[in-house]
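Colleague:
Numbering (UniProt numbering), first residue to last: 1 to 662.
(1) Kindly give me the distance between the Cβ atoms of residue 319 and residue 289, rounded to whole angstroms, as I take these residues to be in contact under 8 angstroms.
(2) With distances taken Cα to Cα, identify the nearest neighbour of residue 695 among 271, 46 and 638.
(3) Could you please give the first and the last residue of the uninterrupted alpha helix (DSSP H) stretch that includes residue 321?
(4) Output the distance between the C-alpha atoms of residue 232 and residue 292, rounded to the nearest integer angstrom.
(5) Let me know if residue 391 comes out buried or exposed under the rule of 16 or more other beta-carbons within 10 Å of its beta-carbon.
(6) Applying the criterion that 16 or more other CB atoms from any shown protein chain within 10 Å of the CB defines a buried residue, is residue 694 buried or exposed?
(7) Would you call the CB atoms of residue 15 and residue 123 closer than 8 angstroms?
(8) Just to confirm before moving on: does the CB-CB distance between residue 93 and residue 17 stay below 8 angstroms?
(9) Suppose contacts are defined by Cβ-Cβ distances below 8 angstroms. Is residue 182 in contact with residue 225 by that definition?
(10) Jot down the residue ranges of each uninterrupted alpha helix (DSSP H) in the region 2-59, minimum 4 residues, whole runs only, in chain order.
(11) Quick check on residue 285: buried or exposed, where buried means 16 or more other Cβ atoms within 10 Å of its Cβ?
(12) Short of 8 angstroms in beta carbon distance, which residues of its chain neighbour residue 190, apart from the five on each side in sequence? Order them along the chain.
(13) Note down, one range per segment and in chain order, each alpha helix (DSSP H) of at least 4 residues found wholly within the region 193-278.
(14) Quick check: what's the CA-CA separation for residue 407 versus residue 269?
(15) With DSSP as the reference, identify every bridge partner of residue 295, one or two as the case may be.
(16) DSSP three-state label for residue 183, please.
(17) Closer than 7 angstroms: is that where the CB of residue 335 sits relative to any heavy atom of the ligand COA?
(18) Have a look at residue 211 and residue 137 and give me their C-alpha separation to the nearest angstrom.
(19) Output needed for residue 246: all residues of its chain with C-beta closer than 7 angstroms, excluding positions within five of it in sequence on either side, in chain order.
(20) Please classify residue 640 as buried or exposed, where buried requires at least 16 other C-beta atoms within 10 Å of its C-beta.
(21) Got a sec, what are the start and stop residues for the alpha helix (DSSP H) residue 645 sits in?
(22) Among 476, 602 and 113, which one has its Cα closest to the Cα of residue 455?
(23) Exposed or buried, residue 80, counting other C-beta atoms within 10 Å across all chains shown (16 or more means buried)?
(24) Once the 5 residues before and after residue 76 are set aside, which same chain residues still bring their CB inside 8 angstroms of it?
(25) Rounded C-beta distance between residue 335 and residue 297? I'm assuming under 8 angstroms.
(26) Roughly how many whole angstroms lie between the Cα atoms of residue 1 and residue 90?
(27) Exposed or buried, what is residue 450 when buried is set at 16 or more other beta-carbons lying within 10 Å of its beta-carbon?
(28) Would you report the Cα separation of residue 609 and residue 389, rounded to the nearest angstrom?
(29) Check residue 652 in the structure and name its three-state DSSP category.
(30) Would you kindly check if the distance between the Cβ of residue 342 and the Cβ of residue 329 is under 8 angstroms?
(31) Starting from the C-beta of residue 188, find all residues in its chain whose C-beta is less than 7 angstroms away, skip the five residues before and the five after it, and write them out in chain order.
(32) Just the C-alpha distance for residue 411 and residue 399, rounded to the nearest angstrom, thanks.
(33) Go ahead and pull the three-state DSSP assignment for residue 123.
(34) Please state the DSSP three-state secondary structure of residue 415.
(35) Decide if residue 24 is buried, meaning its Cβ has at least 16 other Cβ atoms within 10 Å, or exposed.
(36) Along the alpha helix (DSSP H) that carries residue 142, what are the first and last residues, could you check?
Quick look at the structure:
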């Protein structure tokens with residue numbers, strides 16, 4: 001058995017693995033040496049997944065047997081040269097995994113290791129002969145641009161768009177299926193690869209899949225071409241591979257965007273990175289935080305130091321408390337999602353170990369998705385200001401947190417989950433409801449509208465939004481009141497000057513051009529009142545017509561299953577289109593949310609776990625309103641909300657009270 005010799009911290013030593021020459025089938029022989037990490041040190045850093053820890057292979061290390069996971073074993077066999085020694089840094093071998101203190105220290109050094117490596121080599125895993133088609137297509141796409149490094153730096157522009165489309169549409173279903181499999185390998189979902197590829201020298205990084213390898217820059221070009229033609233690819237692939245929903249392409253596109261993240265100035269904050277890469281995976285839940293520290297610009301200020309002696313739960317709580325102190329903000333609360341893997345976490349602490357990605361409304365100041373390829377600037381969010389410039393009045397005691405907040409109202413009515421707005425329009429993601437079927441987006445929209453018409457608080461609703469059409473308010477909340485240029489929340493004074501950039505206007509136009517036959521019959525007349533409510537007083541609306549006198553549940557099923565034949569609200573063929581910016585914005589905002597009417601008359605979106613009777617508050621020091629649940633005499637945090645009409649400090653003239661969250 002191999003026994004590690006301690007590293008000398010005085011000269012910054014790391015270990016390097018020398019893979020001795022050999023044929024593909026001979027035993028793998030290696031030596032492990034110590035060397036100071038200096039700019040002149042020549043080595044390749046390996047980026048890979050550990051794989052199944054129970055299936056292993058044996059190598060010879062300094063004359064001793066050494067066990068590695070089968071995925072690493074296959075990587076070593078494929079990367080070994082027949083005549084020359086190859087020098088690698090590989091975490092599973094070059095870090096003593098049983099030495100907790102060394103592991104913690106070396107994690108901090110990985111930023112320097114991957115940025116100083118002469119090459120970074122990605123190992124995706126073993127491949128079949130058919131998989132070589134994907135590698136050939138990636139090389140072909142890379143060859144289109146010639147010098148990929150220059151083009152990636154300057155931007156693609158329209159020059160290559162037609163060529164990419166022609167190349168993609170000319171491919172066979174089997175070739176595009178192979179490309180889908182390339183981007184569906186586990187490596188693309190691994191949290192550590194985000195840092196490793198962002199820090200790598202892009203021009204020398206390569207991606208190896210089985211016996212074939214392609215330059216990382218060609219993969220970046222391919223990712224751009226894929227995003228451009230994603231729906232064309234899906235249509236071609238499903239002809240022969242109906243079970244391939246090409247969802248892996250999204251991981252590849254996001255990884256390509258990591259290069260853009262690393263080029264931002266100032267660097268991304270740890271909170272932004274945690275939120276953006278939340279659906280990445282890690283064997284150790286602590287690595288969901290530690291794996292991003294090397295990219296975060298504020299990590300030293302927050303003071304998070306890797307320690308594998310701490311439990312993940314304690315790390316998440318400590319990170320939250322440090323972030324509140326450093327940022328003077330409670331915005332990390334907005335990252336809470338349910339369910340949590342760690343059920344013993346306080347309700348107000350995000351569980352970063354979960355792989356789910358329910359888009360948040362407030363977390364990122366900068367938006368990478370959709371425009372992160374070279375030549376396009378990163379869009380900047382301007383934060384909401386529900387609590388204005390206030391700072392949190394917060395105190396911690398064991399597992400509780402006391403905050404000061406202003407109550408907005410209680411939940412009076414809840415609509416179906418916003419996921420149902422988009423199920424049938426994003427079938428490429430393979431998402432279905434709990435019954436295993438797609439829901440009709442039109443039914444969800446109409447249900448939400450009928451809630452307004454049927455609301456006991458109709459007069460409060462009309463009174464609150466009397467200066468702007470209630471329909472306009474409804475459409476604005478579907479995109480969280482942002483325009484499509486700089487993802488900027490507009491206050492009331494700015495809206496008149498920025499109407500042409502507003503996604504909600506397109507939605508409203510589609511609505512008004514549609515015969516709203518899906519509305520409840522007795523709400524048809526009130527639909528016209530909603531369209532023009534800004535010109536009426538509360539008493540002008542006949543609320544009696546907003547209720548079903550029979551009390552019978554109405555059948556809203558689309559009997560013939562044809563969306564085209566249904567005369568539906570919002571005209572889905574135009575609005576519910578994944579390529580449409582309005583729908584993208586709606587998906588980003590409404591996924592994981594439910595439409596809500598508060599007893600105060602406010603309309604908005606709340607987490608899907610919200611229940612009737614829960615409260616919505618504005619907490620001092622938090623950009624977003626928060627949903628609070630009273631259970632067994634204690635207050636629990638549910639999640640962030642968007643409540644139309646209170647996102648610009650409108651509630652700050654209310655009386656603040658202290659609540660204690662468990």
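Glycine residues also receive a C-beta, built at the ideal position from the N, C-alpha and C atoms.
Modeller: Put simply:
(1) 6 angstroms
(2) Here the chain comprises residues numbered 1 to 662, so residue 695 is not present and cannot be evaluated.
(3) 312-327
(4) 34 angstroms
(5) exposed
(6) Residue numbering for the chain in the displayed model covers 1 to 662; residue 694 lies beyond these limits and cannot be assessed.
(7) no
(8) yes
(9) no
(10) none
(11) buried
(12) 49, 280, 281 and 282
(13) 216-228, 230-237, 248-262 and 270-276
(14) 30 angstroms
(15) For residue 295, which the question treats as bridged, DSSP gives no partner whatsoever.
(16) coil
(17) With respect to the ligand COA, the structure shown offers nothing to examine, as it has no ligands at all.
(18) 16 angstroms
(19) 180, 233, 234, 237 and 428
(20) buried
(21) Segment: none, residue 645 is in no alpha helix (DSSP H) and carries neither H nor E.
(22) 602
(23) buried
(24) 19, 28, 30, 59 and 68
(25) With a Cβ gap of about 18 angstroms, residue 335 and residue 297 do not count as contacting.
(26) 19 angstroms
(27) buried
(28) 29 angstroms
(29) coil
(30) no
(31) 248, 251, 252 and 255
(32) 26 angstroms
(33) strand
(34) strand
(35) exposed
(36) 132-145
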